[in-house]
Amino acid sequence: MFKLFKTIAKAGESTTKYPFAPYETSDDFRGRPEYQPEQCIACAACTRACPANALTIETKPNDNTRCWQLNLARCIYCGRCEEVCPTGAIKLSQDFELAVANKADLYQKAVFKLAHCQVCETPFAPKKAVQYALDLLVQSGLEPEQLQIRSQQLNTCPECRRKANMLEGENLMKGNGIQQEVLNEGY
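Take the sequence shown: its position 50, counted from the start at 1, is 122 in our numbering, and no numbers get skipped.
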């Protein structure tokens, strides 16, 4: 019997002391998603990429808000949200302990204000997303007059942009470079 205890003492510990000591995870371990709302632009790329529908976005034009929500109970820790996020607002952490006493603690939520169209005043996109697009244009080195035109386009809703780009029949013919005589001949 003494020989057995001596062998065990030489072998060391055969199990981890978890939960009394922290459990060491590998560097590529995918744990709880950590969300930084100050970096998020509410573009909804993560919600489209999430296979478990753990991420949702709800736009409320009446309240002038877009609500982003993460349900950790549904998350499968696949990492798709981290891959598609253009600003790095979601990162998977090493944390895997998700036990909570209250179900509401499994939800993370952020609310974003919507930008209004400069033509019709309807809310159409998150303000942070519009500003992010403008910042990218500034970084690209766009000339000031082009930047002003793009800024006006970005601050206009898609419907008003579509209406502004629609051309009358006469302008359509001139804009395409098609001669009027050719069109009158039935081509």
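Cβ atoms here follow ideal geometry from the backbone N, Cα and C, with glycine treated the same way.
Given the structure is predicted, the values throughout are model-derived calculations rather than measurements.
Closest in alpha carbon position to residue 204, among 223, 181, 191 and 82, is 223. The residue among 217, 233, 104 and 111 with its C-alpha nearest the C-alpha of residue 199 is 111. Non-local beta-carbon contacts of residue 191 in its own chain, meaning distances under 6 Å to residues more than five positions away in sequence, involve 228 and 232 in chain order. Remark: C-beta atoms of residue 140 and residue 185 do not approach each other more closely than 8 Å. DSSP places residue 102 in the coil class of the three-state scheme, outside both helix and strand. Counting every other CB atom within 10 Å of its CB across the protein chains shown gives residue 196 a total of 16 or more, marking it as buried.
Sorting 134, 106 and 169 by C-alpha distance to the C-alpha of residue 127 places 106 at the top.
Judged by DSSP secondary structure, residue 129 falls within the beta strand (DSSP E) whose first and last residues are 127-132.
At a Cβ-Cβ threshold of 8 Å, residue 187 and residue 113 do not count as neighbours. Counting of Cβ neighbours within 10 angstroms places residue 162 among the buried residues, the total reaching 16 or more. In this structure residue 104 touches residue 168 by the C-beta definition: roughly 7 Å separates them, less than 8 Å. With respect to the 8 Å criterion, residue 129 and residue 138 are classified as neighbours on the basis of their beta carbons. Taking the Cα positions, residue 158 is about 39 Å away from residue 88.
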